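In my numbering, the protein residues as written are 1412 to 1492. Each residue gets a CB set at the ideal place from its N, CA and C atoms; glycine is no exception. None of these values were measured; they are calculated from a predicted model.
Here it is in structure tokens:
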């Protein structure tokens, strides 16, 4: 599976993470890191949201390539067949 986000989405993540990381370093604390949550909406598309600490930013639609894999097979436990 390959998930691709655009350069503009990367900039939105950086804009979210950079001030939080800087503030933690300024206080001598370990920064919280960040996560990207991806929703697979089937025919409705795939979208993502980035989270850093208590803040979040909507990244919008993301491109997902799923070669030889689908959620229905995975749910049935047949992902490797």
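Endpoints, beta strand (DSSP E) assigned at residue i
i            : result
residue 1420 : Not the beta strand (DSSP E): residue 1420 falls in the alpha helix (DSSP H), residues 1418-1437.
residue 1469 : 1466-1472
residue 1460 : 1457-1463
Residue i, buried or exposed, once every other Cβ within 10 Å from all chains shown has been counted against 16
i            : result
residue 1463 : buried
residue 1491 : Low confidence applies to residue 1491: its pLDDT is 49, below 50, so where it sits in the model is not reliable, and the reading given next is rough at best. Result: exposed.
residue 1420 : buried
Sub-9 angstroms separation of residue i and residue j beta-carbons
i            : j            : result
residue 1473 : residue 1449 : yes
residue 1424 : residue 1447 : yes
residue 1427 : residue 1445 : yes
residue 1493 : residue 1436 : Nothing about residue 1493 can be reported from this structure: the residues present for the chain run from 1412 to 1492 only.
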